[in-house]
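K.L.:
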Amino acid sequence: MNDLVTMLWKEAAEFVAGARALRFSAIIVVFLGVMPALTGVRSPTAAALETVGYVLITSVFVTAQSAPEMVIRERSSHSLETLLATRLPDRAIFAGKVLSGAAVGYLMAMATLTIQLVAWALTTHGWNWLGLSDAAGRWVVLGGPAVLATYLATVGTFVAMRVGDQRSAYLVTILSLVVLALPPLMHLVTITTTAAGLRDAVLELALLDAVLIAIGARLFRRERLILYLQE
29 MNDLVTMLWK EAAEFVAGAR ALRFSAIIVV FLGVMPALTG VRSPTAAALE TVGYVLITSV
89 FVTAQSAPEM VIRERSSHSL ETLLATRLPD RAIFAGKVLS GAAVGYLMAM ATLTIQLVAW
149 ALTTHGWNWL GLSDAAGRWV VLGGPAVLAT YLATVGTFVA MRVGDQRSAY LVTILSLVVL
209 ALPPLMHLVT ITTTAAGLRD AVLELALLDA VLIAIGARLF RRERLILYLQ E
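According to our numbering, the residues represented by the sequence shown are 29 to 259, in order.
Below you can see the structure in the form of structure tokens.
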């Protein structure tokens, strides 16, 4: 546990110190945060749908950008080899990268939500909880970004270990969302908009996240990665 905390602390410090990552995240958060107020939507229902959409989009784009970058930044500076040479266990390194990327995506999504709520209150002269006003909305707005960010952080971390180009890693991570879309499109999974249906969807994706993290931790072997980085 101490090893994981060490990794999380390290990643948090490097993210805060990284001007590029912070700038990208801030632009996404501010832009999507004020969009509902700028579109002139005055119906609480329509604004709630926008809130859900923009919060999920924030978690997707920020995580797909930040998770691979946490690895590629160290690859380009050759500090990844130094990290792999430490006593930190393989699982702590992998889990630290994944959880850090997921945390950034989720926190930025919550920042977008906060800005949207404040912007709505200022432009309509009244407070409204928008997507948080019912159980179904809360499952999507609060749970959706968490499971999406964890999924993308897992994929992005694993991809970045093998793809050294930031743009390529970002595109592959974004395209991995197709895997999540296939079951509903093929009618293998039915997602309803009721609170129970959305809760089940979030919990099922959370289970998938846990499986992917477990698989990724087993496949993450520093000996193989060091040889790959030296090629």
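We treat Cβ as the ideally placed atom computed from N, Cα and C, and that holds for glycine.
Does Ala120 pass the burial test, meaning 16 or more other C-beta atoms within 10 Å, or should it be called exposed?
P.N.:
buried
K.L.:
Could you give the DSSP three-state label for Trp155: helix, strand or coil?
P.N.:
coil
K.L.:
Let me know the alpha helix (DSSP H) ranges lying completely inside the region 123–179, each 4 residues or longer, listed in chain order.
P.N.:
Counting only runs of 4+ residues, the alpha helix (DSSP H) found wholly inside the region 123–179 occupies 163–166, in chain order.
K.L.:
Could you tell me whether the Cβ atoms of Trp167 and Val126 are closer together than 8 Å?
P.N.:
no
K.L.:
Buried or exposed: where does Thr178 fall if 16 or more other Cβ atoms within 10 Å of its Cβ makes it buried?
P.N.:
Buried.
K.L.:
Secondary structure at Ile85, three-state DSSP: helix, strand or coil?
P.N.:
The answer is helix: DSSP assigns Ile85 an H, G or I state.
K.L.:
Which residue wins for smallest C-alpha separation from Phe122, given the options Ala41, Phe186, Gln194, Glu42?
P.N.:
Phe186
K.L.:
Could you tell me whether the region 144–159 touches the region 50–65, where touching means 3 or more Cβ pairs closer than 8 Å?
P.N.:
yes
K.L.:
Pick helix, strand or coil for Arg64, following the three-state DSSP scheme.
P.N.:
According to the sequence displayed, residue 64 carries Pro and not Arg. If DSSP states are grouped into helix, strand and coil, Pro64 belongs with the helices.
K.L.:
Assuming the contact rule is C-beta atoms closer than 8 Å, Gln194 and Ile85 should be a hit. Round their C-beta distance to whole Å, please.
P.N.:
Distance from Gln194 to Ile85 at the Cβ level is roughly 20 Å; contact not present, criterion being Cβ atoms closer than 8 Å.
K.L.:
Can you tell me whether Thr114 is buried or exposed? The criterion is at least 16 other CB atoms within 10 Å of its CB, across all chains shown.
P.N.:
By the 10 Å Cβ count, Thr114 comes out exposed.
K.L.:
Under the three-state reduction of DSSP, which class applies to Val217: helix, strand or coil?
P.N.:
coil
K.L.:
Kindly indicate the opening and closing residues of the alpha helix (DSSP H) around Arg190.
P.N.:
Looking at the DSSP string, Arg190 is not in any alpha helix (DSSP H), and its letter there is neither H nor E.
K.L.:
Thinking C-alpha only, which one of Val175, Ala197, Thr218, Val217 is nearest Leu235?
P.N.:
Val175
K.L.:
Out of Leu112, Thr140, Val207, Leu213, which has the shortest C-alpha to C-alpha gap to Leu253?
P.N.:
Leu112
K.L.:
Under three-state DSSP, which class holds Arg115?
P.N.:
Coil at Arg115, not helix or strand.
K.L.:
Nearest CA to the CA of Met136: which residue from Ser107, Met189, Val57?
P.N.:
Val57
K.L.:
Whose C-alpha, out of Asp118, Val88, Gly81, is nearest the C-alpha of Leu203?
P.N.:
Val88
K.L.:
Helix, strand or coil, according to DSSP, for Met29 in the structure here?
P.N.:
coil
K.L.:
Give every residue of the same chain whose Cβ lies closer than 6 Å to the Cβ of Ala74, excluding the five residues on either side of it in the sequence, and list them in chain order.
P.N.:
none
K.L.:
Once the 5 residues before and after Pro211 are set aside, which same chain residues still bring their CB inside 6 Å of it?
P.N.:
The residues are Val217.
K.L.:
Using a Cβ-Cβ cutoff of less than 7 Å, which residues in the same chain neighbour Ile219 once the five nearest sequence positions on both sides are dropped?
P.N.:
Pro212, Gly225, Ala229
K.L.:
Count the other CB atoms, across all protein chains shown, that sit within 10 Å of the CB of Val33; report buried if there are 16 or more and exposed otherwise.
P.N.:
exposed
K.L.:
Taking only the alpha-carbon atoms, compute the straight-line gap between Ala181 and Arg246 and give it to the nearest angstrom.
P.N.:
Between Ala181 and Arg246, the C-alpha separation is close to 16 Å.
K.L.:
How would you call Val90, buried or exposed, if buried means at least 16 neighbouring beta carbons within 10 angstroms?
P.N.:
buried
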